[in-house]
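Presented below is the structure to which this report refers.
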Amino acid sequence: MFLGRVIGEVWATRKVADLEGHRLLVVEALDAGDDPAAPMVTPVVAADPMGAGVGEEVLVAFGKAARVACGGDGDYALEAAVVGIVDSHQLAKEGSS
Amino acid sequence: MFLGRVIGEVWATRKVADLEGHRLLVVEALDAGDDPAAPMVTPVVAADPMGAGVGEEVLVAFGKAARVACGGDGDYALEAAVVGIVDSHQLAKEGSS
Amino acid sequence: MFLGRVIGEVWATRKVADLEGHRLLVVEALDAGDDPAAPMVTPVVAADPMGAGVGEEVLVAFGKAARVACGGDGDYALEAAVVGIVDSHQLAKEGSS
Amino acid sequence: MFLGRVIGEVWATRKVADLEGHRLLVVEALDAGDDPAAPMVTPVVAADPMGAGVGEEVLVAFGKAARVACGGDGDYALEAAVVGIVDSHQLAKEGSS
Amino acid sequence: MFLGRVIGEVWATRKVADLEGHRLLVVEALDAGDDPAAPMVTPVVAADPMGAGVGEEVLVAFGKAARVACGGDGDYALEAAVVGIVDSHQLAKEGSS
């Protein structure tokens, strides 16, 4: 799972049936780590069963976890989903805990 | 899943039987994120059950999701597929939603 | 699996039911390798069934392994978990073993 | 799946039984994309049920897809395999299709 | 699968029960490819059912393949394992095969 921010939404009229009825959000990973910063990574498109809004911090899961989160039985044509909307996160520098 | 653009096609006469009858598209990830840009990533080869054309924006899924999208029963020798053809996407800068 | 350090924690009130009752830790990969250093990678959010504290070195597993570690039956909406708290690690330079 | 070139072979006398009888090829991803080039990625070692030769362009699949391609029933200790030998590929610049 | 070198070992007293009895090796990917070199990647921690020593070249597999290699039935809290100890590998420059 990763911590990300919703930066947009994707619309596709022509899609596999399993994707009908799911909002598809574009989520960018947040680099919560110490310096030096990690290189940016290409955003993920995640189905959203949680109702997240653009700008919110979310938790995204992949693979079977995403299908379970969307209510599928495992045979589902998606593999990334929002599994939580983040209230807050706290980070500590090494040794400062 | 990721947002990509179809940049080409691959032909292979000698291939495992499960790949017969599927177009194999070369898809490059789009960097929809904020600056700084993410480094480019090596393109993915995805089976295409949707009829996407070169130049179109598509949504690509991996693993079991791809096999389900291609109508397989899960025992299928492919693990990336086009699951949607994108009409549009909208991106918002952080805080501008 | 990777060797990481716990650098923080995430709280989410709105989350899929499967995540209830799990602490969600932010874990940064340690670069244990030879020079030159590997580029930093974006931290992972992992469920923690082990009781790791911020600053501790942990072992993180992905996918089904993570679900098994958290006591799930495989149909579980998470895919990263702490599977061990590291006592120590020893590294040898190439050829010095 | 990705488009790669066979750049070598690996021999291992001591290996898990499931790998017996499979050639193990070293495959490097081809960067078929637009400029700027993607960073190189570490080569993959793939089982080869297709009889690919060094220097040939191949299609490599991961995970269950690779096990299916090698004739396994899914309980197989490998997760990358050559699934096709590429005759040709055609790439179009964005907008030139 | 990837070609790596064992660079160390990890000890964890507090770990999920499935990891008991497995040595946990730190393995760094070898860049067997052509120039330019690939960026280094963060080392992997792999269970070792093969008895590899520090400094040896090994083949590492992920996911279900790793669990099968370790004798698990698939419900096993690990996802990376040494599946072979490399005798030798041969690499050819493009076109020199």
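Residue numbers (the numbering used here), protein chains in the order written: chain A, 203 to 299; chain B, 203 to 299; chain C, 203 to 299; chain D, 203 to 299; chain E, 203 to 299.
The beta carbon of each residue, even a glycine, is placed where N, CA and C say it ideally should be.
Predicted, not measured: the structure shown is a model, and the values here were computed from it.
Kindly give me the distance between the Cβ atoms of residue i and residue j, rounded to whole angstroms, as I take these residues to be in contact under 8 Å.
i, j, result
"Val-260/A", "Gly-206/A", "6 Å"
"Ala-254/A", "Leu-227/A", "6 Å"
"Arg-225/C", "Asp-250/C", "5 Å"
"Ala-231/A", "Ala-263/A", "Contact flag wrong, Cβ pair sits at about 13 Å."
"Gly-276/B", "Lys-266/B", "6 Å"
"Thr-215/E", "Val-243/C", "In fact, because the Cβ distance is near 27 Å, the residues do not count as touching under 8 Å."
"Asp-220/B", "Tyr-278/B", "5 Å"
"Val-208/A", "Val-256/A", "5 Å"
"Ala-271/A", "Pro-241/C", "Incorrect: roughly 30 Å between the Cβ atoms, too far for contact."
"Phe-204/D", "Val-229/B", "About 11 Å separates the two Cβ atoms, so there is no contact after all."
"Gly-210/A", "His-291/B", "6 Å"
Quick one: which chain A residues come within Cβ less than 8 Å of residue i?
i, result
"Val-246/C", "Met-203, Phe-204"
Please name the residue or residues paired with residue i in a DSSP beta bridge.
i, result
"Lys-217/B", "Gly-286/D"
"Val-262/B", "Phe-204/B, Val-284/B"
"Val-212/E", "His-291/C, Leu-226/E"
Can you list the residues of chain B that residue i reaches, using a CB-CB cut of under 7 Å?
i, result
"Ala-214/A", "Leu-261, Gly-286, Ile-287, Val-288, Asp-289"
Determine the chain C residues that contact residue i at a beta-carbon separation under 9 Å, and present them in chain order.
i, result
"Asp-233/E", "Within 9 Å Cβ-Cβ: nothing; Asp-233/E doesn't reach chain C, min ~11 Å."
Give the residues of chain A in contact with residue i, contact being defined as C-beta atoms less than 7 Å apart.
i, result
"Val-243/C", "Ala-240"
Along chain C, in chain order, which residues have C-beta atoms closer than 8 Å to that of residue i?
i, result
"Ala-294/A", "Ile-209, Gly-210, Val-256, Gly-257"
In terms of residue numbering, what span does the alpha helix (DSSP H) encompassing residue i cover?
i, result
"Val-270/C", "265–271"
Please report the residue range of the beta strand (DSSP E) in which residue i lies.
i, result
"Leu-226/B", "225–231"
"Asp-250/C", "246–250"
Would you mind telling me which residues of chain A sit closer than 9 Å to residue i, beta carbon to beta carbon, in chain order?
i, result
"Val-229/B", "The premise fails here: Val-229/B is roughly 12 Å from chain A at the closest Cβ pair, so nothing lies under 9 Å."
Using the beta-carbon of each residue, which ones in chain B are nearer than 8 Å to residue i?
i, result
"Val-218/D", "None at all; the shortest Cβ gap to chain B is about 21 Å."
Check the Cβ-Cβ distances between residue i and every residue of chain F, and say whether any is below 8 Å.
i, result
"His-224/E", "No chain F appears in the structure shown, which is made up of the protein chains A, B, C, D and E."
Should residue i be counted as a contact of the ligand MN given a C-beta to heavy atom distance under 7 Å?
i, result
"Ala-214/A", "Annotation note on the ligand MN: not contained in the displayed structure, which lists no ligands."
Exercise. What residues in the region 249–266 of chain A have a beta carbon less than 7 Å from any beta carbon of chain B?
Worked result: Gly-255, Val-256, Gly-257, Gly-265
Problem set entry | Near-chain C residues of the region 272–292 of chain E (beta-carbon distance less than 8 Å), N- to C-terminal order | Gly-276, Asp-277, Tyr-278, Ala-279, Leu-280, Glu-281, Ala-282
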